[in-house]
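One structure is given below, encoded as structure tokens.
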Amino acid sequence: MRIGLYGMPTAGKTHVLNQLDFIDVKLGSNFLREICPDFDSKDEIGKNMAREKLASMLLRQDTFIMDGHYKFGDKVSFTDMDGKLYDVFLYLYISPSILEKRMSESEKNRKYLCYDIEKWQLDEIENLREYCHNKNKDFYVLDNPANNVFGDVTDIVEFIRSIVNGFSCKLFAEKCVEQILQRATSDVITLLDGDKTIIKEDSSHAVFNYTTHIYDGNFYTGYQSWMQAKEFKAYRFEELNELPFSFNENVCKALNKDSFILTSGHERVWSFISSYLDIPFYSGAEMAAETKFFIAKMLQKAGKIINAYGDGINDYYMLKQADKGYLVTKADGTVSKSLKGKDLGGIEFV
0 MRIGLYGMPT AGKTHVLNQL DFIDVKLGSN FLREICPDFD SKDEIGKNMA REKLASMLLR
60 QDTFIMDGHY KFGDKVSFTD MDGKLYDVFL YLYISPSILE KRMSESEKNR KYLCYDIEKW
120 QLDEIENLRE YCHNKNKDFY VLDNPANNVF GDVTDIVEFI RSIVNGFSCK LFAEKCVEQI
180 LQRATSDVIT LLDGDKTIIK EDSSHAVFNY TTHIYDGNFY TGYQSWMQAK EFKAYRFEEL
240 NELPFSFNEN VCKALNKDSF ILTSGHERVW SFISSYLDIP FYSGAEMAAE TKFFIAKMLQ
300 KAGKIINAYG DGINDYYMLK QADKGYLVTK ADGTVSKSLK GKDLGGIEFV
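For the sequence shown, numbering that gives the first Met the number 0 assigns the number 0 to the initial residue and increments by one for each residue that follows.
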């Protein structure tokens with residue numbers, strides 16, 4: 000497994016890599032200058048040729064993690080060979096204000112302050128995310144929205160260890176698809192989010208008063224679902240014997256014999272709801288926005304027509320991929336604030 004750790008200048012990628020002792024670590028900048036000593040004096044074409052040469056060399060190795068940059072200012076440094084090199088892409092997100100402060104204190108990186116740092120970082124994330132969707136690769140944003148920066152990278156280190164040990168939203172999607180295809184009896188499959196889609200409430204909050212800041216950064220990748228699974232372990236609640244929430248009738252009336260719930264909610268809660276509705280469900284630490292997207296995409300590849308229902312950014316990529324995507328609005332007709340700035344064209348509101 001080859002892992003790429005991406006992020007802005009001064010984000011702290013090297014600091015993260017220095018904490019890893021369970022996987023071969025390579026420092027991209029050092030390697031580049033070893034194979035191309037005059038790298039810094041080359042033009043952009045020459046630099047990209049050196050980057051492609053490095054990636055080509057590393058394709059012969061099976062397991063390592065290396066840092067990388069998608070672009071510098073308005074100059075894209077990411078190459079096709081970079082894309083082929085990595086099986087998994089990680090992106091280390093840091094608050095733009097923190098990045099600006101660090102850059103202002105760095106003679107080497109001060110030159111980047113002329114750029115819109117917030118836009119630059121979000122553009123990198125969206126471009127890498129889109130690339131991974133197109134190429135069927137895992138993509139995770141590593142963020143810490145409570146503090147906007149990582150004072151302690153223990154969670155990141157443990158997450159990378161989990162990836163090395165097999166954590167994968169894409170592979171989990173493949174397992175879900177295999178089971179769905181075994182269960183399905185028609186060509187039309189309906190995929191449904193759980194919270195605020197099938198039911199009107201957030202089930203975890205309704206059942207055991209769960210609140211979190213994990214999703215405040217609005218990324219909803221497998222890192223956030225992995226962090227949530229860790230938080231869930233601290234909560235205890237009695238077995239459910241009644242439903243402490245209400246169903247969304249506009250969604251429930253669309254249920255058919257080949258409907259499947261994809262939820263990042265608590266497994267025990269959704270096991271109860273699933274049994275009540277007699278609809279299979281899939282959940283867990285690997286159920287994230289990418290997982291839902293890949294499930295829809297893989298089912299389409301298997302010849303299925305996909306109808307998908309969801310309410311927010313965690314469902315957005317699935318809704319856009321589906322043959323028919325349905326966005327569940329709030330009671331007042333507005334949409335989730337997590338979708339601000341997203342292209343909702345082609346998605347129907349319910």
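Using N, Cα and C, we set each Cβ at its ideal position, and we do this for glycine too.
Just so it is clear, the structure is predicted and the values come from calculations on it, not from any experiment.
Check	Outcome
Ala49 and Ile34 look like a contact to me (Cβ under 8 Å); what is the Cβ gap, rounded to whole Å?	7 Å
Around the Cβ of Glu241, are there at least 16 other Cβ atoms within 10 angstroms (buried) or fewer (exposed)?	exposed
Tell me the DSSP secondary structure of Leu141 in three-state form.	strand
Should Ile198 go down as buried or exposed, given a rule of 16 or more other Cβ atoms within 10 Å for buried?	buried
Count the other C-beta atoms from every protein chain shown that fall within 10 angstroms of the C-beta of Ser263, then say buried if there are 16 or more, exposed otherwise.	buried
Skipping 5 residues on each side, what residues in its chain have a beta carbon closer than 7 Å to that of Val140?	Tyr90, Tyr92, Ile124, Phe218, Thr220 and Tyr222
Using the Cβ count rule (16 or more neighbours within 10 Å means buried), how would you classify Ile213?	buried
Which residue from Cys251, Leu53 and Glu51 puts its Cα closest to that of Lys195?	Cys251
Which first and last residues belong to the beta strand (DSSP E) in which Asp314 is found?	Here Asp314 belongs to no beta strand (DSSP E); instead the alpha helix (DSSP H) covers Ile312 to Gln320.
Given Leu53, which residues of its chain have a CB within under 7 Å of its CB, disregarding the five upstream and five downstream residues?	Phe30, Leu31 and Ile34
Just confirm the distance between the C-beta atoms of Ala295 and Ala287, as a whole number of angstroms; I'd bet it's less than 8 Å.	Rounded, the Cβ-Cβ distance is 13 Å, inconsistent with contact.
Using only alpha-carbon positions, find the residue among Gly165, Tyr315, Leu254 and Lys232 that is nearest to Lys339.	Tyr315
Would you say the region 266–278 touches the region 137–155, given that touching needs at least three Cβ pairs under 8 Å?	no
Taking all protein chains shown into account, decide if Ile64 is buried (16 or more other Cβ within 10 angstroms of its Cβ) or exposed.	buried
Leaving out five residues on either side along the sequence, give the residues of the same chain with a beta carbon under 6 Å from the beta carbon of Glu347.	Tyr325
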